[in-house]
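Undergrad: Just so we're aligned: the sequence shown equals residues 8 to 121 in the working numbering. I have a structure here, written as structure tokens, and I will follow up with some questions on it.
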Amino acid sequence: QVQLVESGGGLVQPGGSLRLSCAASGSIARLYVMGWYRQAPGKQRDMVAFINNYGSTNVADSVKGRFTISRDSRRNTMYLQMNSLKPEDTAVYYCKYSAGDVYWGQGTQVTVSS
């Protein structure tokens, strides 16, 4: 079992920044992929960025150049640094852990509005 706890969401003005965190605990595998997904009201859940145990990353085109994914392997924590936020970035952001089994966090709301 793996538990995921997200934090760092909130209300920010357009052009602002936020940093999301996802702390993983439990049986962390040696080989894994962790990622950030987001879901806006009435829309499907989309991949934002992911990182694997080797540190390789991939970021969706819609956020490339604005969002950065990283991890602290000692703390089993993944981060999403979000800069130059736009209203269309408003969504619930979810953390996902995959290593055979898949686990999701509870989500954290990000609202970009003036």
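By construction, the Cβ of each residue, glycine as well, lies at the ideal position given by its N, Cα and C atoms.
Pull up the distance between the alpha-carbon of glycine 49 and that of alanine 98, whole angstroms please.
TA: About 10 Å.
Undergrad: Report yes or no: do the region 50-70 and the region 17-32 share at least 3 C-beta pairs separated by less than 8 Å?
TA: Verdict: no, contact absent.
Undergrad: Among the residues of its own chain, which have a CB less than 6 Å from the CB of arginine 73, if the five just before and after it don't count?
TA: Hits under 6 Å: Asn90 and Ser91.
Undergrad: Which runs of the beta strand (DSSP E), 3 residues or longer, sit entirely within the region 31-118?
TA: Complete beta strand (DSSP E) runs here, min 3: 40-46, 53-59, 64-66, 74-79, 84-89, 98-106 and 108-111.
Undergrad: Assuming valine 117 and leucine 25 are in contact, meaning their beta carbons sit under 8 Å apart, how far apart are those beta carbons, in whole angstroms?
TA: Right, their Cβ atoms sit about 6 Å apart.
Undergrad: Please classify alanine 56 as buried or exposed, where buried requires at least 16 neighbouring CB atoms within 10 angstroms.
TA: By the neighbour-count rule (16 or more Cβ atoms within 10 Å), alanine 56 is buried.
Undergrad: What three-state label does DSSP hand glutamine 10 in the structure shown?
TA: Glutamine 10 falls in the strand class under three-state DSSP.
Undergrad: Kindly indicate which residue of Leu38, Tyr101, Gly23 and Arg81 has the alpha-carbon position closest to the one of glutamine 51.
TA: Cα-wise, what sits closest to glutamine 51 is Tyr101.
Undergrad: Here's the rule I'm using: 16 or more other beta-carbon atoms within 10 Å means buried, otherwise exposed. How should tyrosine 61 be labelled?
TA: Tyrosine 61 should be labelled exposed.
Undergrad: Please report the straight-line C-alpha distance between aspartate 96 and glycine 15, rounded to a whole angstrom.
TA: Cα-Cα distance, rounded: 15 Å.
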